[in-house]
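*Asks:* In full-length UniProt numbering, the protein residues as written are 1 to 636. Glycine is no exception: its CB is placed at the ideal position from the N, C-alpha and C atoms. These numbers were taken from a predicted model, which means no experiment stands behind them. The structure that follows is given in the form of structure tokens.
The following block contains the structure:
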């Protein structure tokens with residue numbers, strides 16, 4: 001089944017047959033969803049008619065409601081209620097953030113259920129300081145949850161580990177894999193296989209993804225029974241006033257029709273200043289909520305601290321999100337950014353890695369900027385899809401350095417159209433402008449030595465990530481201007497690494513007194529000073545030793561001939577004495593060895609004589625006993 005999503009909507013919710021439960025329909029209206037999207041109009045009827053479905057639709061097309069509503073309808077109208085230890089629906093998501101978001105969507109409906117309505121209970125299985133596998137089982141038994149939502153590892157532990165003796169899946173009605181391609185990309189194939197083997201065959205299964213891969217096809221064959229495939233495509237619009245002809249080819253897209261993808265090409269040292277220009281340009285167009293993507297956790301951590309202090313970005317509320325943050329911090333950052341009342345006078349920026357690239361519904365995001373290109377084009381479309389969701393307009397930018405311009409052709413092949421924005425002043429930055437930004441970033445770094453450490457770590461981590469890029473024919477580390485990149489980071493000096501060997505005339509270190517360059521953290525500064533003092537003592541000791549050796553060498557070299565002669569005689573006598581001692585020790589060792597050999601031989605002789613004597617005694621005793629027996633016989 002295929003659907004054209006060039007139109008953002010596909011009819012009112014009232015056209016669904018059978019009609020939705022009244023309070024569910026009312027909640028959908030309350031959430032502001034007056035019309036169904038194509039993916040919802042195509043998937044919900046199939047799921048409600050007990051069909052397995054494989055749904056491929058662009059990001060932001062409303063896939064979450066496409067499985068939330070059928071699950072609720074199926075469980076609400078179930079004839080027999082579930083027992084305390086039974087679960088009715090299982091939703092598996094690749095990340096804790098996405099699982100939490102799905103749980104939130106279900107909670108909106110469950111909380112809105114009329115009093116007395118037999119509504120299913122919910123359970124969220126994700127990692128966190130207050131959520132261990134044992135606690136998951138305890139909460140399940142306390143709440144008698146009917147719908148379980150979680151990440152693969154926690155779900156496996158819940159079903160096959162701690163909860164294997166307490167949880168029954170015999171009555172499971174629905175299984176859903178959300179962002180299924182990402183589940184496989186993250187290496188959960190084995191976990192998913194074990195979960196599938198544990199679940200009953202008689203169930204409805206839904207697989208939802210923005211892209212299809214060979215791995216997903218294998219998962220479909222293994223986990224679904226005669227599924228219906230729902231493909232929601234986005235097609236490029238024809239010019240107004242033209243009629244479609246049979247031979248016309250409509251261009252497919254992997255991103256929403258309301259999303260405009262732009263690129264800019266610049267030199268490596270201009271990367272940060274072009275980012276600032278994009279933000280200023282979009283702010284002038286009344287954009288107020290931004291997401292900026294970086295390659296690594298370290299780069300997010302570093303630029304968050306730098307951008308928070310730059311004068312050009314002082315009007316922005318800046319936050320950061322990456323995988324090395326504690327789970328509770330990540331959840332709080334997402335909640336704060338989503339709830340931020342962004343305006344042109346109070347804009348907000350989220351700096352993040354790909355941890356926030358998939359499935360997350362961050363409302364009202366106007367602009368996405370990809371400071372660093374992702375490792376694959378699928379991630380590109382997911383990043384860009386954080387804006388222009390559910391029919392809203394949005395813009396996404398990618399910054400390309402030098403030869404990276406070839407990435408545009410690759411995106412075009414993958415049905416992701418990217419173009420230049422004619423209204424953007426993409427002129428090369430002036431040297432004074434670049435020097436001014438570099439100087440300001442270096443001044444920020446000089447406020448705390450910790451920022452210098454983070455900058456070096458960020459630069460090294462980016463270089464390593466770049467060298468392992470999947471599109472290596474476009475992103476070649478040998479073609480990347482690393483010195484220019486270091487300038488865009490505002491580094492004080494170039495780090496020592498193999499990629500930066502050789503002289504770099506275009507680079508100039510910052511004027512820094514490294515002995516007095518301090519950490520703001522008192523404990524770290526005290527440790528640095530102690531290490532510096534120890535290092536200074538070691539250096540002084542080495543210096544004194546070197547001077548002493550130099551004086552001795554000079555004295556030997558310039559000594560009188562007579563003194564040299566005497567020294568030589570003393571040395572010869574010492575050598576002769578050592579030789580005599582060595583010969584005597586060797587002779588003593590030989591004599592000792594002879595003595596030990598003789599003693600061993602004597603011991604062996606004595607042992608042999610003793611053995612002969614024992615044999616003789618035995619023979620004599622035997623003879624006497626034989627003679628005594630003969631006499632006794634004669635007497636008889």
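1) If you pair each beta-carbon of the stretch 284 to 303 with each one of the stretch 365 to 374, do three or more pairs fall below 8 angstroms?
2) With a 10 Å radius around its C-beta and 16 neighbouring C-beta atoms as the bar for buried, classify residue 47 as buried or exposed.
3) Contact check, residue 354 vs residue 379 under 8 angstroms by CB: the rounded distance?
4) On the DSSP letters alone, give me the boundaries of the beta strand (DSSP E) that residue 336 sits inside.
5) Looking only at DSSP bridge pairs, what is residue 395 linked to?
6) Hey, could you find the ends of the alpha helix (DSSP H) residue 92 is sitting in?
7) Please name the residue or residues paired with residue 348 in a DSSP beta bridge.
8) Do the stretch 309 to 321 and the stretch 341 to 358 meet, that is, are 3 or more Cβ pairs less than 8 angstroms apart?
9) Under 8 angstroms Cβ to Cβ from residue 181, same chain only, skipping five residues before and after it: list those, please.
10) Residue 102 and residue 64 look like a contact to me (Cβ under 8 angstroms); what is the Cβ gap, rounded to whole Å?
11) Who are residue 57's beta bridge partners in DSSP?
12) Decide if residue 584 is buried, meaning its Cβ has at least 16 other Cβ atoms within 10 Å, or exposed.
13) Would you mind reading off the limits of the beta strand (DSSP E) that contains residue 208?
14) In the DSSP assignment, what residue or residues form a beta bridge with residue 343?
15) Would the stretch 414 to 426 and the stretch 254 to 273 be scored as touching if the rule is three or more Cβ pairs under 8 angstroms?
16) Would you mind stating whether residue 644 and residue 220 have Cβ atoms separated by less than 7 angstroms?
17) Taking the alpha-carbon of residue 342 as reference, which of 357, 391, 310 and 283 has the nearest alpha-carbon?
18) Check for me: the alpha helix (DSSP H) holding residue 413 runs from which residue to which?
19) Residue 484 and residue 277: beta carbons closer than 7 angstroms?
20) Mind checking residue 36: buried by the 16 CB within 10 Å criterion, or exposed?
21) Please report the straight-line C-alpha distance between residue 28 and residue 230, rounded to a whole angstrom.
22) Between the stretch 503 to 511 and the stretch 456 to 472, are three or more C-beta pairs nearer than 8 angstroms?
23) Less than 8 angstroms between the CB atoms is what I'm expecting for residue 96 and residue 127, so what's the real figure, rounded?
24) Could you compute how far the alpha carbon of residue 161 sits from the alpha carbon of residue 125?
25) DSSP three-state label for residue 195, please.
26) Can you tell me which of the three DSSP states residue 416 falls into?
27) Going straight from the alpha carbon of residue 149 to that of residue 433, what length do you get?
28) Taking the alpha carbon of residue 326 as the reference point, which residue from 297, 122 and 72 has its own alpha carbon closest?
29) Let me confirm a value: residue 5 is counted as buried when at least 16 other C-beta atoms fall within 10 Å, else exposed. Which label applies?
30) Going by the beta-carbon positions, is the gap between residue 508 and residue 482 smaller than 7 angstroms?
31) Measuring CB atoms only, is the stretch 439 to 452 touching the stretch 515 to 526, in the sense that at least three cross pairs come out at less than 8 angstroms?
32) State whether the stretch 63 to 78 contacts the stretch 138 to 145, with contact taken as three or more CB pairs (one from each stretch) at a distance under 8 angstroms.
33) Since I believe residue 492 is in contact with residue 442 (beta carbons under 8 angstroms), could you give me their beta-carbon distance rounded to a whole number of angstroms?
34) Mark residue 573 as exposed unless 16 or more other C-beta atoms lie within 10 angstroms of its C-beta, in which case mark it buried.
35) Given residue 337, which residues of its chain have a CB within under 7 angstroms of its CB, disregarding the five upstream and five downstream residues?
36) In the DSSP assignment, what residue or residues form a beta bridge with residue 178?
*Replies:* This is what the structure holds:
1) yes
2) The sequence position of residue 47 within the chain shown is 47, counting from 1. It counts as buried.
3) Within the chain shown, the letter at position 354 stands for residue 354. Within the chain shown, the letter at position 379 stands for residue 379. At roughly 6 angstroms, the Cβ-Cβ gap stays under 8 angstroms, so residue 354 and residue 379 are in contact.
4) Numbered from 1 along the chain shown, position 336 holds the residue referred to as residue 336. Note, residue 336: premise wrong, no beta strand (DSSP E); alpha helix (DSSP H) at 327 to 339.
5) Locating residue 395 in the chain shown gives position 395, counting from the first residue. DSSP output for residue 395 lists 260 and 367 as bridge partner(s).
6) Mapped onto the chain shown, residue 92 falls at position 92. Unbroken run through residue 92 is the beta strand (DSSP E), 89 to 92; no alpha helix (DSSP H).
7) Within the chain shown, the letter at position 348 stands for residue 348. For residue 348, which the question treats as bridged, DSSP gives the partners 289 and 317.
8) yes
9) Here the question's residue 181 lines up with position 181 in the chain shown. 209, 210, 211, 212, 213, 215, 216 and 378.
10) Locating residue 102 in the chain shown gives position 102, counting from the first residue. Locating residue 64 in the chain shown gives position 64, counting from the first residue. Between residue 64 and residue 102 the Cβ distance is about 6 angstroms, and since that is below 8 angstroms, they are a contact.
11) Here residue 57 refers to the residue found at position 57 of the chain shown. DSSP output for residue 57 lists 232 as bridge partner(s).
12) Looking up residue 584 in the chain shown gives position 584. Residue 584 should be labelled exposed.
13) Translated into positions along the chain shown, residue 208 becomes position 208. Start and end: 204 to 209.
14) Numbered from its first residue, the chain shown carries residue 343 at position 343. For residue 343, which the question treats as bridged, DSSP gives the partners 346.
15) yes
16) The structure shown does not extend to residue 644, since the chain is modelled only from 1 to 636, so the question has no answer here.
17) Here residue 342 is taken as the residue at index 342 of the chain shown, counted from 1. Selected option, being the one with the closest Cα: 283.
18) Within the chain shown, the letter at position 413 stands for residue 413. Start and end: 407 to 413.
19) As a position in the chain shown, residue 484 is number 484, starting the count at 1. As a position in the chain shown, residue 277 is number 277, starting the count at 1. In this structure, residue 277 does not lie closer than 7 angstroms to residue 484 by Cβ.
20) In the chain shown, the residue the question calls residue 36 occupies position 36. Flag for residue 36 reads buried.
21) Here residue 28 is taken as the residue at index 28 of the chain shown, counted from 1. Here residue 230 is taken as the residue at index 230 of the chain shown, counted from 1. When rounded, the distance between both Cα atoms is 22 angstroms.
22) no
23) In the chain shown, counting from the first residue as 1, residue 96 sits at position 96. In the chain shown, counting from the first residue as 1, residue 127 sits at position 127. Right, the Cβ-Cβ distance comes to about 6 angstroms (below 8 angstroms), so this counts as a contact.
24) Here residue 161 is taken as the residue at index 161 of the chain shown, counted from 1. Here residue 125 is taken as the residue at index 125 of the chain shown, counted from 1. Those two C-alpha atoms are separated by around 13 angstroms.
25) Taking the first residue of the chain shown as position 1, residue 195 is located at position 195. Note: residue 195 maps to helix in three-state DSSP.
26) On the chain shown, position 416 is the one that residue 416 refers to. If DSSP states are grouped into helix, strand and coil, residue 416 belongs with coil.
27) One-based indexing of the chain shown puts residue 149 at position 149. One-based indexing of the chain shown puts residue 433 at position 433. If I take the Cα positions, the gap works out to 51 angstroms.
28) Position 326 of the chain shown, counted from the first residue, corresponds to residue 326. Here the closest residue by C-alpha is 297.
29) As a position in the chain shown, residue 5 is number 5, starting the count at 1. For residue 5, the predicted structure reports a pLDDT of 42, less than 50, and the residue's modelled location is therefore unreliable. A value from the coordinates is still provided. Counting Cβ neighbours within 10 Å, residue 5 comes out buried, since at least 16 surround it.
30) What you label residue 508 is simply residue 508 of the chain shown in a count that begins at 1. What you label residue 482 is simply residue 482 of the chain shown in a count that begins at 1. For residue 508 and residue 482, no; Cβs fall outside 7 angstroms.
31) yes
32) no
33) Stepping through the chain shown from its first residue, residue 442 is reached at position 442. Stepping through the chain shown from its first residue, residue 492 is reached at position 492. Going by Cβ atoms, the distance from residue 442 to residue 492 rounds to 6 angstroms, so yes, they are a contact pair.
34) Walking along the chain shown from the start, residue 573 turns up at place 573. With fewer than 16 other Cβ atoms within 10 Å, it is exposed.
35) Walking along the chain shown from the start, residue 337 turns up at place 337. If we look at residue 337 and ignore the five residues flanking it on each side, its Cβ neighbours are 319, 348, 350 and 362.
36) Residue mapping note: residue 178 aligns to position 178 of the chain shown, counting from 1. According to DSSP, residue 178 bridges with 208.
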